[in-house]
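Below is one structure, written out as structure tokens; the observations come after it.
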Amino acid sequence: MTEANLSAGNGNGSPRIGVYVCHCGTNISATIDVVAARDVAENLPGVVLSREYKYMCSDPGQEIIKDDIRELGLDRIVVASCSPCLHEETFRNAIADGGLNPYFFQMVNIREHASWVHKDIKAATAKANDLIRAAVRRVRFHRPLEARRVPIDPRVLVVGGGIAGIHSALTLADAGKKVYLVEREPSIGGHMAMFDKTFPTLDCAACILTPKMTQVRAHPNIEVMTMSEVVEIDGFVGNYRAKIKHKPRYILEDACVGCLECIDVCVFRNGKTPDEFNLGLSKRKPIYIPFPQAVPQVVLIDPEGCIEFRTGRCKKTCVEVCAERNAIDFTQEETFSEVEIGSVIISTGFKAFDARRLPQYGYGRLDPVYTALEVERLVNASGPTEGEIVLRDGSKPKKVGIIHCIGSRDKNTNVHCSRVCCMYSLKLAHLVKEKTDAEIYEFFIDMRTGGKGFEEFMLRVKEEGVTMIRGKVAEVYPEAGNTGRVVLQAEDTFLGMVRKIPVDMVILATGIEPQADAEDVRRTFNISCSTGGFFTERHPKLAPVSTFTDGVFLAGACQAPKDIPDTVAQAGAAAAEALALIDAGHIELEPNTAFVVEEECSGCKTCVGLCPFSAIGYDEGKASINEVLCKGCGTCVAACPSGSIRQNLFEDEEIFEEIVGVMANV
Amino acid sequence: MSESVDTQVAGNGFEPMIVAFFCNWCTYMAADLAGTSRMKYAPNVRVIRVMCSGRVDPQFVLDAMAQGADGVLLGGCHPGDCHYQEGNYKALRRYRLLKRLLTDLGIDEERIRLEWISAAEADRLRDVVNEMTEQIRSLGPANLQVPQEQFVKPVPISLEVSV
Ligand SMILES: Cc1cc2nc3c(=O)[nH]c(=O)nc-3n(C[C@H](O)[C@H](O)[C@H](O)COP(=O)(O)OP(=O)(O)OC[C@H]3O[C@@H](n4cnc5c(N)ncnc54)[C@H](O)[C@@H]3O)c2cc1C
Ligand code: FES
Numbered sequence: 004m005t006e007a008n009l010s011a012g013n014g015n016g017s018p019r020i021g022v023y024v025c026h027c028g029t030n031i032s033a034t035i036d037v038v039a040a041r042d043v044a045e046n047l048p049g050v051v052l053s054r055e056y057k058y059m060c061s062d063p064g065q066e067i068i069k070d071d072i073r074e075l076g077l078d079r080i081v082v083a084s085c086s087p088c089l090h091e092e093t094f095r096n097a098i099a100d101g102g103l104n105p106y107f108f109q110m111v112n113i114r115e116h117a118s119w120v121h122k123d124i125k126a127a128t129a130k131a132n133d134l135i136r137a138a139v140r141r142v143r144f145h146r147p148l149e150a151r152r153v154p155i156d157p158r159v160l161v162v163g164g165g166i167a168g169i170h171s172a173l174t175l176a177d178a179g180k181k182v183y184l185v186e187r188e189p190s191i192g193g194h195m196a197m198f199d200k201t202f203p204t205l206d207c208a209a210c211i212l213t214p215k216m217t218q219v220r221a222h223p224n225i226e227v228m229t230m231s232e233v234v235e236i237d238g239f240v241g242n243y244r245a246k247i248k249h250k251p252r253y254i255l256e257d258a259c260v261g262c263l264e265c266i267d268v269c270v271f272r273n274g275k276t277p278d279e280f281n282l283g284l285s286k287r288k289p290i291y292i293p294f295p296q297a298v299p300q301v302v303l304i305d306p307e308g309c310i311e312f313r314t315g316r317c318k319k320t321c322v323e324v325c326a327e328r329n330a331i332d333f334t335q336e337e338t339f340s341e342v343e344i345g346s347v348i349i350s351t352g353f354k355a356f357d358a359r360r361l362p363q364y365g366y367g368r369l370d371p372v373y374t375a376l377e378v379e380r381l382v383n384a385s386g387p388t389e390g391e392i393v394l395r396d397g398s399k400p401k402k403v404g405i406i407h408c409i410g411s412r413d414k415n416t417n418v419h420c421s422r423v424c425c426m427y428s429l430k431l432a433h434l435v436k437e438k439t440d441a442e443i444y445e446f447f448i449d450m451r452t453g454g455k456g457f458e459e460f461m462l463r464v465k466e467e468g469v470t471m472i473r474g475k476v477a478e479v480y481p482e483a484g485n486t487g488r489v490v491l492q493a494e495d496t497f498l499g500m501v502r503k504i505p506v507d508m509v510i511l512a513t514g515i516e517p518q519a520d521a522e523d524v525r526r527t528f529n530i531s532c533s534t535g536g537f538f539t540e541r542h543p544k545l546a547p548v549s550t551f552t553d554g555v556f557l558a559g560a561c562q563a564p565k566d567i568p569d570t571v572a573q574a575g576a577a578a579a580e581a582l583a584l585i586d587a588g589h590i591e592l593e594p595n596t597a598f599v600v601e602e603e604c605s606g607c608k609t610c611v612g613l614c615p616f617s618a619i620g621y622d623e624g625k626a627s628i629n630e631v632l633c634k635g636c637g638t639c640v641a642a643c644p645s646g647s648i649r650q651n652l653f654e655d656e657e658i659f660e661e662i663v664g665v666m667a668n669v
Numbered sequence: 220m221s222e223s224v225d226t227q228v229a230g231n232g233f234e235p236m237i238v239a240f241f242c243n244w245c246t247y248m249a250a251d252l253a254g255t256s257r258m259k260y261a262p263n264v265r266v267i268r269v270m271c272s273g274r275v276d277p278q279f280v281l282d283a284m285a286q287g288a289d290g291v292l293l294g295g296c297h298p299g300d301c302h303y304q305e306g307n308y309k310a311l312r313r314y315r316l317l318k319r320l321l322t323d324l325g326i327d328e329e330r331i332r333l334e335w336i337s338a339a340e341a342d343r344l345r346d347v348v349n350e351m352t353e354q355i356r357s358l359g360p361a362n363l364q365v366p367q368e369q370f371v372k373p374v375p376i377s378l379e380v381s382v
């Protein structure tokens, strides 16, 4: 089709189109001949003016558009620049400022989709021209629209009660917002609750975390739901409804006062079940509290270990001692509840790498080998050994080896750097040295101490006499002669020789991975994951705590490995984003809903069953679409046999014109 | 139409023209990511953005072919990941029928392709575009272009299975 006869098929009277081709510095102009693109655009039917400019998104760039609208009476604008995800909003606002309906606009992505991905200037320019031609043809059919405004329910759902969730919840609650904090374990606290000290300041973890945990529990605006998980969420930004599953605790939470007498009198004199919180380094009874500072301070029963559950013939000393408080309830069952909220913060944290996946290090096979998390429990005053470093065989270590990057920076496991392992290894070196005065060897690949006070901390630990060896440990094997010790074999890249160092204890600095169920959580909340499995933020620089689902925010290690200071900063940011949404009171949504042209609807009902949001009703022989429920996917539009359903911003004509536009030069 | 496909000799400086319909939330994002990652791929695809692969009316595909496209690439979120829950299943359904329809018309069904490409899979996007370009290059031009004067404004059709 030649360009001359395009004008015949003009959609909207005689539009006055302005086309602006952006250089984006040299990001676009290095690969696309922007002047040629401008010239091609200039000759397209309906185009009154076409310009190229260094930075269209800059203030002066936007001013040019506004002035042209006013002075030349432009009524359609096409900007060929970056992805609409980046600046569609910017240009729409500029156009509105210029006095035009902001939807009389079409953006052409010639940066991400052309200049950055092609090398050949001719081919890239030809592609840009085709895309611009498509936009010019399309924009003639644009109609004035108004953004949809939806009110925001001020209540917030926080999923995951680690330090990230705790901090977000408190920030929101202090600002007067109602928060539902859902945690799947019996207590909030997350990984931080397991630590004794935190790098780089060596603050006592419990001293800084416990007060926050109790604050959460006591806060009138926070409702904590432990042993709970979100199983379903529906609705849209500002108006979500979440279905929450509550696992039975077999204890009435309101009746239990946390006296723990039931644990003392349990018919099991000693614990038989590996204690989850201590990673199996100690045993617990079937009625227990996960750790002394647990919030809520409420016990729970593990039905697998409890005699009453197994045989129905226990003496039930626990029930006896609980007496009139009567908090024990063997009949509890799984329940479900629903909450309505306007926004969600996801702070489900991380999972430590399973060291068994690297058998060369002997974890699970050789007694002297521990994971870092286990050692965190060993050094913890409320841990299985009350803070003493006692090995599995009852001895105290005199020589300790720490191996960095277990399950990180390795293409066989995880490519990413887990960011905290160098620092926590140094912390553990310091703590173990302090408690045992053992000789300590740290095997690292690179020492990554980028953070406030981190390098200083590393130097301090070095001064304390910890030996740092650069090299990857190839293998850990038992020392000959049944000494009970193991040998670390590694190449020392400083000395250029292989070293074999026998030690009493090995600490594996296991990396940080996405939670095992991250995939399910991602599906439930309709967000995305990056290749490594961590949740993806909307924009790595400009929207680091938002997701592609409006009103769903991210905080903490579920987004990427990070330390506590960064986690708390992000949790504050996520709370602030939710607050901004709530305080605005409403949000403007893309007006891309579908609508039925009633006169044309034949009443075939094809569309009704197709809508995943039940937005399509049917009465008196016609379909009708509920604009509030419609999310604008356009599935019904594509299916309607009579073409009587249209989608704003994506009308059939608009798309057909794009097709004609991109093909016009063939 | 079918003869022209068969008789066309491939190669000869032939550059395939492929029209793509990418959903806003996954495949379009993957293409953006390929850009920000400065990956390089064949310049033969022209992307038209739709909110969901479920918006792709089979008529769009036929129309693109009738306008002279040598191939049509549809991109959506992986099964279970559609931003609108199940638009991609609808797309798949229509795609299957469309392939049959094309075969019946004597058009090589390989000229259309549906791919699930998530927002993180920029490398897959690059590979799919490159592969499809090469594939169409070896098939040769489609030559299905309807002369402009015979071109009738398309009437939407439906390939929906009634539900
Ligand atoms: C061995 C080790 C030592 C460390 N030492 C330090 C240190 O000294 N200093 C420092 O700054 N950082 C340290 N870190 C890093 C620190 O652990 C993290 O920065 C921090 O725990 C991240 O907090 P979070 O709330 O994002 O995640 P988490 O602490 O993992 O908390 C996530 C919470 O969400 C819950 N959850 C998960 N999935 C769901 C679901 N589907 N539904 C409901 N709830 C769910 C979990 O049960 C958990 O309570 C260390 C890490 C490791 C592995
Ligand atoms: S949004 Fe990607 S296929 Fe539906």
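These protein sequence lines are chains A and B, in that order. Each residue of the first sequence is one higher than the last, beginning at 4 in our numbering. Each residue of the second sequence is one higher than the last, beginning at 220 in our numbering. Where a beta carbon is used, it is the ideal one built from N, C-alpha and C, also for glycine. Note that this is a predicted model, so its numbers are computed, not measured.
Nearest-angstrom beta carbon gap, residue j and residue i [assumed within contact, 8 angstroms]
{"i": "A/Glu-442", "j": "A/Ala-432", "result": "Not really, about 11 angstroms apart at Cβ, beyond 8 angstroms."}
{"i": "A/Ile-392", "j": "A/Lys-399", "result": "6 angstroms"}
{"i": "A/Gly-164", "j": "A/Gly-192", "result": "7 angstroms"}
Residues of its chain near residue i, where Cβ-Cβ distance is below 8 angstroms and the 5 sequence neighbours each way are ignored
{"i": "A/Arg-359", "result": "Tyr-366, Gly-367"}
{"i": "B/Ala-339", "result": "Ala-249, Leu-252"}
{"i": "A/Glu-661", "result": "Ala-137, Ala-138, Arg-140, Arg-141"}
{"i": "A/Ala-546", "result": "Glu-540"}
{"i": "A/Ser-428", "result": "Ala-375, Ile-405, His-407, Glu-445, Phe-447, Ile-510, Ala-512"}
Paired residues, beta bridge with residue i - DSSP
{"i": "A/Asp-495", "result": "A/Met-500"}
{"i": "A/Asn-242", "result": "A/Phe-239"}
{"i": "A/Val-270", "result": "Paired residue(s): none; A/Val-270 is not in a bridge."}
{"i": "A/Ser-53", "result": "A/Val-22"}
{"i": "A/Thr-513", "result": "A/Ile-409"}
{"i": "A/Glu-478", "result": "A/Gln-492"}
Close-in-space but distant-in-sequence residues of the same chain around residue i (CB under 6 angstroms, 5 per side omitted)
{"i": "B/Met-236", "result": "Ala-288, Asp-289"}
{"i": "A/Lys-430", "result": "Phe-202"}
{"i": "B/Gly-294", "result": "Phe-241, Thr-246, Glu-334, Ile-336"}
{"i": "A/Tyr-183", "result": "Leu-160, Glu-226, Val-342"}
{"i": "A/Ser-346", "result": "Val-159, Gly-554, Ala-581, Leu-584"}
Cβ neighbours of residue i in the same chain (closer than 7 angstroms, five flanking residues each side left out)
{"i": "A/Asn-329", "result": "Ala-258"}
{"i": "A/Pro-277", "result": "Gly-283, Lys-286"}
{"i": "A/Ser-533", "result": "Thr-539"}
{"i": "A/Thr-338", "result": "His-249"}
{"i": "A/Ala-99", "result": "Pro-105"}
{"i": "A/Glu-654", "result": "Phe-144"}
Option in the options with minimal Cα separation from residue i
{"i": "A/Glu-389", "options": "A/Gly-606, A/Phe-653, A/Phe-294", "result": "A/Phe-294"}
{"i": "A/Asp-71", "options": "A/Val-665, A/Leu-89, A/Val-51, A/Lys-180", "result": "A/Val-51"}
{"i": "A/Leu-512", "options": "A/Glu-593, A/Ser-385, A/Ala-355", "result": "Looking at the sequence provided, one finds Ala at residue 512 of chain A rather than Leu. If we check each option's Cα against that of A/Ala-512, A/Ala-355 comes out closest."}
{"i": "A/Arg-525", "options": "B/Asp-327, B/Ser-272, B/His-302", "result": "B/His-302"}
{"i": "A/Pro-371", "options": "A/Val-347, A/Lys-401, A/Asn-383", "result": "A/Lys-401"}
{"i": "A/Ala-597", "options": "A/Asp-177, A/Lys-503, A/Cys-610", "result": "A/Cys-610"}
{"i": "A/His-90", "options": "A/Thr-496, A/Phe-653, A/Cys-25, A/Val-501", "result": "A/Cys-25"}
{"i": "A/Tyr-56", "options": "A/Val-38, A/Gly-49, A/Leu-47, A/Glu-45", "result": "A/Val-38"}
{"i": "A/Pro-63", "options": "A/Phe-94, A/Phe-551, A/Ile-169", "result": "A/Phe-94"}
{"i": "A/Gly-168", "options": "A/Gln-573, A/Arg-649, A/Ala-618", "result": "A/Gln-573"}
{"i": "A/Glu-623", "options": "A/Cys-607, A/Glu-264, A/Ala-176, A/Thr-496", "result": "A/Cys-607"}
Worksheet item: When Cβ atoms are compared, which residues of the stretch 248-276 of chain B fall closer than 7 angstroms to chain A?
Response: Result list: Ala-250, Asp-251, Ala-253, Gly-254, Thr-255, Arg-257, Met-258, Lys-259, Tyr-260, Pro-262, Arg-265, Val-266, Ile-267, Val-269, Met-270, Cys-271, Gly-273, Arg-274, Val-275, Asp-276.
Discussion item. To be precise: take each residue of the stretch 342-359 of chain A, compare its Cβ to all Cβ atoms of chain B, and keep it if any distance is under 7 angstroms. Which residues remain?
Written reply: none
Item to complete: Quick one: which residues of the stretch 572-593 of chain A get their C-beta closer than 9 angstroms to a C-beta of chain B? List them in chain order.
Response: Glu-593
Discussion item. Closer than 9 angstroms between beta carbons: that is the criterion. Which residues of the stretch 297-312 of chain B meet it against chain A?
Written reply: Gly-299, Asp-300, Cys-301, His-302, Tyr-303, Gln-304, Glu-305, Gly-306, Lys-309, Ala-310
Practice prompt. Pull out every residue of the stretch 112-123 of chain A whose Cβ sits closer than 7 angstroms to any Cβ of chain B, in chain order.
Written response: Arg-114, Glu-115, His-116, Trp-119, Val-120, His-121, Lys-122, Asp-123
Worksheet entry | Members of the stretch 628-646 of chain A near chain B, C-beta cut-off 8 angstroms | Residues Lys-634, Gly-635, Cys-636, Gly-637, Thr-638, Val-640, Ala-641, Ala-642, Cys-643, Pro-644, Ser-645, Gly-646.
Discussion item. Taking beta-carbon pairs under 8 angstroms, can you tell me which members of the stretch 321-337 of chain B lie near chain A?
Written reply: Ser-337
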